[in-house]
Amino acid sequence: MTIKKNTNQQEELRRQLLTGALFGFVGMSLAACDDDETNAATGAGGAGGSTNGGGGGPIGGAGSPNNTGGNGVGGTGPIAMASASLEALLNAEYRAINTYTAGAGIIGAAPDTDPLKPLADTITAVALRFQSQHKDHSDALKVALRAALAAEGVAEADVEGRIPTDATFEAPEELAVEANKTIENVLILALNAEKNAAVAYTTVVKALMGATEEMKGYRFLANSIGGDESQHFIVLAALALSLAAPGPNVGADDAVGKIVPKSFVSTIEALSAPNGEGLNTIANYFN
Amino acid sequence: MSQLTRRQMFTRTASVAAGVGVALAISSSARRAGAAPTAEDITTLTGILSAEYNAINLYGAAIADGTGLIDSSSADAATKTAVKTVATHFQTQHIDHANALKALIGADAPAQPTTLSEGYLPTSFPSVPSIVEILQIAADKEKQAALAYADALKAVSDETTAQLLSSIGGVETQHFVVLYLLAEGIIQLGTGASGEGLTAEEYANIVPTSFITTNENGGSLEATFPNVPFKIAGLT
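Quick note, the sequences are listed as chains A and B, same order. Residue numbering for the first sequence follows the working numbering, beginning at 1 and increasing consecutively. Residue numbering for the second sequence follows the working numbering, beginning at 1001 and increasing consecutively.
This is how it looks when you write it as structure tokens:
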């Protein structure tokens, strides 16, 4: 295995990983201007070092105080870092899933005076589609995390107990005010979260250190999910910022299925079709 | 005029325009600290750089004034202007990608060709396409680019190289989804905050940055696209 000497950038990345600072991406959008507070709420402390993990120590594993599983992953070696990264991403996916549930509730309860009320059904359908894709992401991350924990040396009987099963969504204070519960603000909430997710996944690619096939596979997975978050962000931003409007075929039966058409950029073999499909399963227009 | 010859004409024209924006000399300082792609990584990067050059040339063929694919279509003037603006923006982002790849490859990076690679456009692509067909071929190519970047991550060994590929690939997915949804008629360009049409800044925000994470060759979501604030009731 090739392990490079850390650069300053990598040290900073390591710090962020260990404190969970990268993975408040839903939370970051919630607080909007108080990232530090959100970040401080993550990374609750892990279970200590492992034999593969080098120095070990109380590294967070990016566990959220709200997650109901995952005790954090010990160690600071590449494999332990991979486990910590995957666990943190998994928690973030759970928060995204719950964010969309909350968002759909706000959209459904929006008054008729909401300017986007005529599009409420379409926006809800899109939100639920994105939510289902986050579920696919979480399934893929669980598969990867199981493998990483096993590689880290976690006993087979203990692996499932180390995999988070949920993470709670906490509404931002702005959306606690009834008058602010608008469809536009739900779009803003989601687009900020998806943007931060795209950044987090790409950042994690660099944190998954080493030239082994396993690490390459984790980087591939992180990119393949991050590229999907990136698409979510663009669609939501286009709607929220009035850059795009519904087109003539938006009412077609298959329209919602085409909005961010796949859960992954490239097919994830560990998941069965259609959940694991990537853009490679979409036929070209021209051959 | 044969189809291929026509395309070559387009791409020669386009490559001149594209070349203006390309910084051919990349200083060694542009290489990211700690970057150390292996020889195999360089081979992968070089292949992807060639694809970026093709993308630049394809958009150039589309947007060339008067003779380009867009101007040759039967679309109305407003549609042509809108699609050219988006295509020009995407081309600029591909130039940023090419520059970043060249910086990482170093002195061995190939120069941009003046034409599309033969075979880059499928034989089924019409010589005088409609606007929708132009959007479709661009969506095809952006999808293939996104896949190429994703699959390259299975191959490269260096983490910094991997992050650059991911940072660019994420933007290719954005290009793809915008073009795909336009081609499918699921979305159309909006009217902007004013309700009277997109401003230049709004056009640029359709895909706001060339990279996902920070890169010295262009803006990134991480560095230059702050969170959008909530609209607070009672505040304008």
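No residue lacks a Cβ here, since even glycine has one placed at the ideal position from N, Cα and C.
- CA-to-CA, the gap between Asn-1227(B) and Ala-82(A) works out to about 28 Å.
- With a threshold of 16 other beta carbon atoms within 10 Å, Glu-174(A) meets it and is buried.
- Sequence-distant partners of Gln-1136(B) (beyond 5 residues in either direction) whose C-beta falls short of 7 Å from its own C-beta, in its chain, are Ala-1183.
- Taken atom to atom, the span from the alpha-carbon of Ile-1212(B) to that of Ala-109(A) is near 34 Å.
- Counting along the chain, the unbroken alpha helix (DSSP H) around Leu-145(A) starts and ends at 120 to 152.
- Residue pairing by DSSP places Ser-1220(B) opposite Phe-1211(B) in a beta bridge.
- For the pair Ile-107(A) and Ile-188(A), the CB atoms are not nearer than the 8 Å cut-off.
- Per the DSSP secondary-structure output, Gly-257(A) pairs with nothing in a beta bridge.
- DSSP places Ile-1168(B) in the uninterrupted alpha helix (DSSP H) bounded by 1159 to 1183.
- Unbroken beta strand (DSSP E) stretches of 3 residues or longer found wholly inside the region 167 to 234 of chain A: none.
- Residue environment analysis places Ile-1232(B) among the exposed positions, since fewer than 16 neighbouring C-beta atoms fall within 10 angstroms of its C-beta.
- A direct Cα-to-Cα measurement between Glu-170(A) and Leu-1147(B) gives close to 35 Å.
- Contacts with chain B (Cβ-Cβ distance below 8 Å) from the region 214 to 228 of chain A involve Lys-216, Gly-217, Arg-219, Phe-220, Ala-222, Asn-223, Ser-224, Gly-226, Gly-227 and Asp-228, listed in chain order.
- Ala-179(A) is the residue among Gly-257(A), Ala-200(A) and Ala-179(A) whose C-alpha sits nearest the C-alpha of Thr-113(A).
- The beta-carbon of Gln-1093(B) is placed no less than 8 Å from the nearest beta-carbon of chain A.
- Contact annotation for Val-126(A) against chain B: no contact, minimum CB-CB distance about 10 Å [criterion: below 7 Å].
- In this structure, the alpha-carbon of Gly-77(A) lies about 40 Å from that of Phe-1090(B).
- Neighbours of Val-1207(B) across chain A, judged by C-beta separation under 8 Å: Ile-234.
- In the DSSP assignment, Gln-1093(B) falls within the alpha helix (DSSP H) that extends over 1077 to 1105.
- Of all residues in the region 1197 to 1228 of chain B, those with a C-beta nearer than 7 Å to a C-beta of chain A are Leu-1198, Glu-1202, Asn-1205, Ile-1206, Val-1207, Ile-1212, Thr-1213, Leu-1221, Glu-1222, Phe-1225, Asn-1227 and Val-1228, reading in chain order.
- In the same chain as Tyr-1180(B), and ignoring 5 residues on each side of it, the C-beta atoms closer than 7 Å to its own belong to Ala-1139, in chain order.
- Linking Leu-1153(B) to Glu-269(A) through their CA atoms gives a straight-line distance of about 15 Å.
- Straight through space, the alpha carbons of Ala-198(A) and Val-126(A) are spaced by roughly 18 Å.
- At a cut-off of 8 Å between beta carbons, Leu-1104(B) makes no contact with chain A.
- Beta-bridge partners of Gly-278(A) (DSSP): Phe-264(A).
- With a beta-carbon spacing of about 5 Å, Lys-1143(B) and Leu-279(A) fall inside the 8 Å limit used to define contacts.
- Among the residues of chain A, those whose CB is under 8 Å from the CB of Leu-1181(B) are Val-235, Ala-244, Gly-247, Lys-258 and Ile-259, following chain order.
- Residue-level contact by beta carbon holds for Ala-240(A) and chain B, with a gap shorter than 8 Å.
- Bridge partners of Leu-1189(B) according to DSSP: Ala-244(A).
- Not a single C-beta of chain A is nearer than 8 Å to the C-beta of Thr-1043(B).
- Counting along the chain, Tyr-94(A) sits inside the alpha helix (DSSP H) bounded by residues 78 to 109.
- At least one beta carbon of chain B lies nearer than 8 Å to the beta carbon of Thr-203(A).
- At least one C-beta of chain B is nearer than 8 Å to the C-beta of Ala-211(A).
- Between Thr-1160(B) and Gly-227(A), the CB-CB gap reaches or exceeds 8 Å.
- When 7 Å is used as the limit between beta carbons, Asp-1140(B) is near these residues of chain A: Asn-284, Tyr-285 and Phe-286, in chain order.
- Relative to the Cα of Gly-1169(B), the nearest Cα in the group Arg-129(A), Ala-147(A), Ile-225(A) and Leu-90(A) belongs to Ile-225(A).
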